[in-house]
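Chains as they are written, first to last, in the numbering used here: chain H, -14 to 336; chain R, -14 to 336; chain E, -14 to 336; chain P, -14 to 336.
Printed below as a string of structure tokens:
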């Protein structure tokens, strides 16, 4: 089944495994005319790279994005943009010991059950490395959105039970034991106009939640007050409307900027909860492909916490989702459609 | 934008407003040969109906489902099944006072921003009544799944901050004040085989989360340990594999039956968090369509808690999602495809 | 598999069999604000109805279209429009004799091979009656297009080998023998702006051809000069561009208004070729469901030529296809997107 | 709009322009376990390459296909297969003269009208070179189909008005004048089982026609007798069913192997009609981007006839379409679904 594409109008298809020659994304449906160079990818790709610090692996990829199509004279042409990222630092031998066993917390067993066999090198398609392609696509989405006045702020807010700013010692201890920690990422989108999203199955929050859950290791998503809204009362949770300089606004934002699946113009507030990195150095019980019980301790280079490098992936998926909803929304009103097409009476010379 | 369909192979399209003559669903892609009668819909439709008790509105619809197509001689034919539910108990005058104002916590303002105007009667398309069509479709999905040994157990586990079993007094007090409460629904799917779901964008948990968030008022979703996994460590959160009578199993199920987007064969465990009913009798600040600040108190018949009637909607959406993933998964392996098609050498008489 | 939906943004789902209580369509993604009443459907639905003349069956349905949702105060709301057409004149006993045999030229055998059994009454889902739902959806598409200055002219141009105007005697003779004739329908769309359609798989002509071939009995489609272009030379077939009052035009239109999958602003010219009605009164060889060879002569009421009633179906499918392409095309350029969204700096009061 | 993907389960996304560094395809949804090497692509890619003879351009690309993902230890893994083909022989200066004019018979004007500007080098995305990526994807589809006993035979049958075998002199004369000719390609698929395709919008012939029309320069498609069926009578056109060794067969095949959108088990017979190559050396009238009338004569290397190199593209698109329909069809019957999933009672060790 073709599950590697996301979006309807702005459509991203990713491909590639951790240990193949490269991975990449095809971005179809990007509006024509966006200035785009290979340097544009550097800032976000760098946010996803390991920083060599406490929270990340020693594996280091340059993650240079090459544009193979869809850009001409520095601007997007409206045709598919093919983005390529070479794998330069994979060491296959790191993974040879896990070919025959099912790593706890990983998809190995599921892959075998589904496909009959799997590319066991570094998790194959399930590797966190696949998200490099999403961030590359996210760069394009964020550039389009920025031109519409929409911006993002995304941060790790918690590691395990500890606020991020105070989490150093907590992570150091776990890491020294060969253990790992969960994490929580907060993503806020500012400037999304009111009226984006659909009322039923394609609610903006439904699409955003699906997008965030499509990132490996996400186990929970909140929109606005999220889980806390379920502990609240209507009188406390409703955001009262106010009028301000001719605009409808709300003073509070418990809803996280989405009501009934449609944006309100307020900040869109999302939280993604990541489980601890499943690859740990501690010894765990498991079974081999042949059904023999055994023990395993995962070697290789693994981040002890997922959130810090995944934050930009959360932001990228949010940007792709919001842009797709924006583009789909242009035909919601007949007067908009008529304003767009009705002005001409036939083929005209392009300006 | 066409946001009223859900699913790829087993595809559900809902239509209808709270105050039109009827609402319904078209279920396309249901396998042929499923026994189906109009009586099959009664049990689940009844779980969604108000019970006249503490937690639900006095509005009462019989919610009889009529089958208009796709069933012949008591079995589905593989062609679209059109399901119709008449609206018999709507009282439009209840809603006339809200035509010109934006109800806090509702999509009214978003609808106007998106479409330029809206059907203001009872929330129109955003009414909880739309979910009756989803439950009707869910009945069919659950029947197919039951024939494959897959079953569901779904319960309200919490109202506000109180466990459901002890929540009577809490709800009574809020209701008497004209206020409302949030709630939490737990849904467990049993018997889903290992290997269902895709590794990247169409992860089984991503699709389930999107499905649950597409239900109005859901503000958070957990899979397995959900948010708590973000507080845990890898050694505590990983589910060790064991071998049991030739099967791969896990003793714990922190993952909620899904790893890397693919089912493990364990119970699939989902939690949906509902905000409090936004329609409350207490006076709230808001603005009119013309931007004039005003006060409003919502009249009409509204449940003080959403979870009790929405639990079956959660289950229906989960069933539709899992069935669609199951049907899509049949072509994952070449040997399965060859086993399916390769056995014949040409057109044969059907058995 | 869910094959009963068509379109991406303007999405039509049809349901219903010839001999069920009703059939219908759900039209999702229609822009909000289109004036629509049940009377709007009458002219096109009447073009599809048998006229009692030489070329059509005696079966007569009123084909009144009921609007069940998506319209409020006389205008579309942007939510799904559910259209219902009751079956009032089916006589099931007419078809009982064919339950056990495979009618030549019909899908009976294919249905059994695919689904294991079938609704044999009047062709079930394969009945020409299914197209009533398409025409109902086409009415909405044509209304939207008309508001953009786009109109259609569709005619039967040939019955068998005879120009339509002179075909009376030809049809009379075939009909008296219990035989049937093929036919050719010409459909011209005027006023479609230049720039509609995509360059690769979703070429406008590819989508139109698929749409026309989805009408039962269509065996060939031409765009522009069609098959004759394959007999021509580049110098004769190319349409030279000219400038006229500031517009790019062509004097000839061999291309039929589409080049490289994108509209040129010229008339879009389509031809659909229908096979003869397969239901004929003459005796034919066939087999039973049990594989026994036998003879059959089809009783019941059948048009001797398909084109005259199907012309409006061709037009409806063309309209649905063109409208969907128009709506998808609104986001092709960044300056258009920015013009649409960029003008506002936050949520504003709708006008 | 994302128009560069094709198919639902077996989904092909192409990218790339004539004059970028490379072009390619991502094939998602290919069943796992198919043996696949880079050498497998050579035969079909060679059929698409210019042979240096009378009918093709002197431009020569090696068209070596590189596999970047989705294959492990020589077999497909079920994850996306990324295929890359480098552009090695493009000479941009050949095209500089056409940057500012609209070539007759090409999409230049449409691109400008749609996107505001275009990659004018060699037609950009509209170049016939894009089809190299389709053939690469077609190789995979044909390999899967071959394992199911399905094969193709595809030939150019006519150049202009002349049968292909006798067309040498005709082409030579046109070419020497700087003119070009139309052509007709016949494609036959053998071994497709009965029961493939859907009854309504996704009729197998509708999808095949759309697939063939998505190839640039196709202006007409026939299925079976095609246009000639419209000149025939029911008694002559119906294919009588017969029983033969326990199978339902037909002696004639006017229908081309598809009835009511569903395959009959007979050969599937398709004809694609190509217009003459629009790039001709003869002088033609046209206009510049600024609306000034002018003359142009196309320089550069262009095939004088499209059919000979496009035949394998027709076959590839047919193969992709049929495979996707086959995979979608696996869930048509409940007993098939139950047979597939019902046999297990929980997660089992993969074999």
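Ideal placement from N, C-alpha and C gives every residue a C-beta, glycine not left out. Note that the coordinates shown come from a computational prediction; the quantities given were computed from them, not determined experimentally.
Cβ neighbour criterion (16 or more within 10 Å) applied to residue i
{"i": "residue 317(P)", "result": "buried"}
{"i": "residue 157(R)", "result": "exposed"}
{"i": "residue 236(H)", "result": "exposed"}
{"i": "residue 169(P)", "result": "buried"}
{"i": "residue 340(R)", "result": "No answer is possible for residue 340(R): the residues shown for chain R start at -14 and end at 336."}
{"i": "residue 36(E)", "result": "exposed"}
{"i": "residue -7(R)", "result": "buried"}
{"i": "residue -13(H)", "result": "buried"}
{"i": "residue -10(H)", "result": "buried"}
{"i": "residue 138(H)", "result": "exposed"}
{"i": "residue 145(H)", "result": "buried"}
{"i": "residue 268(R)", "result": "exposed"}
{"i": "residue 17(H)", "result": "buried"}
{"i": "residue 67(E)", "result": "buried"}
{"i": "residue 60(H)", "result": "buried"}
{"i": "residue 131(R)", "result": "exposed"}
{"i": "residue 335(E)", "result": "Any reading at residue 335(E) must be qualified, since the residue scores a pLDDT of 46, below 50, and its modelled position is unreliable; the value itself is stated next. Buried is the call here."}
Interface residues of chain E facing residue i [CB-CB closer than 7 Å]
{"i": "residue 242(P)", "result": "In chain order: nothing, as chain E lies at least about 10 Å away."}
Closer than 8 Å at the beta carbon, the chain R residues around residue i
{"i": "residue 252(P)", "result": "Within 8 Å Cβ-Cβ: nothing; residue 252(P) doesn't reach chain R, min ~11 Å."}
{"i": "residue -4(E)", "result": "-13 and -10"}
Partners in chain P for residue i, counting only beta-carbon separations shorter than 7 Å
{"i": "residue 320(R)", "result": "18"}
{"i": "residue 95(E)", "result": "179, 180, 244, 245, 247, 248 and 249"}
Opposing strand residues paired with residue i [DSSP bridges]
{"i": "residue 148(P)", "result": "143(P)"}
{"i": "residue 86(R)", "result": "273(R)"}
{"i": "residue -1(H)", "result": "10(H)"}
{"i": "residue 20(R)", "result": "60(R)"}
{"i": "residue 265(P)", "result": "For residue 265(P), which the question treats as bridged, DSSP gives no partner whatsoever."}
Residues that residue i contacts on chain H, provided the C-beta gap is smaller than 7 Å
{"i": "residue 166(R)", "result": "218"}
{"i": "residue 307(P)", "result": "Within chain H, no residue comes near residue 307(P); the closest Cβ sits about 16 Å away, beyond 7 Å."}
{"i": "residue 159(R)", "result": "218"}
Integer-rounded CB distance, given that residue j should sit under 8 Å from residue i
{"i": "residue 7(H)", "j": "residue 69(H)", "result": "6 Å"}
{"i": "residue 257(E)", "j": "residue 189(E)", "result": "Going by Cβ atoms, the distance from residue 257(E) to residue 189(E) rounds to 16 Å, so no, they are not a contact pair."}
{"i": "residue 180(H)", "j": "residue 314(H)", "result": "7 Å"}
{"i": "residue 279(E)", "j": "residue 52(E)", "result": "Contact flag wrong, Cβ pair sits at about 46 Å."}
Neighbour list for residue i in chain H, Cβ cutoff strictly below 9 Å
{"i": "residue 190(R)", "result": "198, 199, 203 and 204"}
Near the ligand PLP: residue i beta-carbon under 7 Å from a heavy atom
{"i": "residue 159(P)", "result": "Within the structure as shown, the ligand PLP is missing, as the structure has no ligands at all."}
Per-residue contacts from residue i into chain E (C-beta, under 8 Å)
{"i": "residue 106(P)", "result": "Here the premise fails: no neighbours, minimum Cβ distance about 15 Å."}
Residues that residue i contacts on chain P, provided the C-beta gap is smaller than 9 Å
{"i": "residue 110(H)", "result": "54, 55, 62, 63, 64 and 65"}
{"i": "residue 21(R)", "result": "In chain order: nothing, as chain P lies at least about 11 Å away."}
{"i": "residue 100(E)", "result": "180, 317 and 318"}
Neighbour list for residue i in chain P, Cβ cutoff strictly below 8 Å
{"i": "residue 185(E)", "result": "-12, -11, -1, 110, 115 and 199"}
{"i": "residue 87(E)", "result": "226 and 233"}
{"i": "residue 129(R)", "result": "319 and 322"}
Amino acids of chain R, ordered along the chain, whose beta-carbon sits closer than 9 Å to that of residue i
{"i": "residue 288(H)", "result": "Simply none; closest approach about 11 Å."}
Along the region 199 to 227 of chain H, where does the CB come closer than 7 Å to a CB of chain R? Name the residues.
199, 201, 204, 205, 206, 207, 208, 209, 210, 211, 212, 214, 215, 216, 217, 218, 219, 220, 222, 223, 224, 225, 226 and 227
Scan the region 40 to 74 of chain P for residues whose Cβ lies nearer than 9 Å to a Cβ of chain E and list them as they occur along the chain.
none
Which residues of the region -2 to 14 of chain P have a Cβ closer than 7 Å to any Cβ of chain H? Give them in chain order.
-2, 0, 1, 2, 5, 6, 7, 8, 9, 11, 13 and 14
Relative to chain P, which residues along the region 259 to 284 of chain E have a C-beta separation below 8 Å, given in chain order?
259, 260, 261, 262, 263, 264, 265, 267, 269, 270, 271, 272, 276, 277 and 278
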